[in-house]
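Reviewing the structure listed below.
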Amino acid sequence: MARLTVDGDELVMGLAWWEKLIVRHGDVRVPMAAVERVSVQPDWWRALRGIRVRTRALAVPGALCLGVWRHAAGQDFLALRRPRRSPTVVVDLRPAAPYARVAVSCPPGSQTVSALTTALHRQRRAGGL
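In terms of this note's numbering, the sequence shown opens at residue 16 and continues consecutively.
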């Protein structure tokens with residue numbers, strides 16, 4: 016299962032080996048300076064927009080959305096599962112980033128959001144944004 020972490024000045028969506036194989040993509044790395052907003056959606060499907068890129072995504076209706084989704088504002092990279100009571104962390108990115116949004120389902124009670132917001136505030140203070 017994919018996880019969001021902060022590695023130095025980068026936001027990393029670490030993918031499991033089988034996820035990398037399916038989407039033909041390694042871990043997604045984005046500079047923290049490109050992060051515009053971090054939010055939590057209670058329902059996994061709210062992070063979906065656009066259509067999947069057939070060669071780089073997998074969709075199992077009602078259960079899994081993994082890979083690249085294309086829409087009018089660009090592309091999103093998603094790793095969403097439909098587990099019960101599992102929130103989705105949505106990270107909106109600035110236009111210079113390779114994706115418009117990255118989103119991942121995370122286990123309930125995870126510290127992902129607090130770690131990301133802390134790193135984002137630290138980055139903004141250091142950069143004077």
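Don't be surprised by glycine CBs; every beta carbon is placed ideally from N, CA and C.
Asked, Found
"The stretch 48 to 58 / the stretch 27 to 34 touching (three or more Cβ pairs under 8 Å)", "no"
"Cβ shell of residue 90 (< 6 Å), same chain only, five flanking positions each side left out", "83 and 114"
"Reduced DSSP secondary structure (H/G/I, E/B, other) of residue 14", "The structure shown does not extend to residue 14, since the chain spans only 16 to 144, so no value can be given for it."
"Residue interval of the beta strand (DSSP E) (run including residue 28)", "25 to 29"
"Short Cβ contact (8 Å threshold) for residue 97 with residue 77", "yes"
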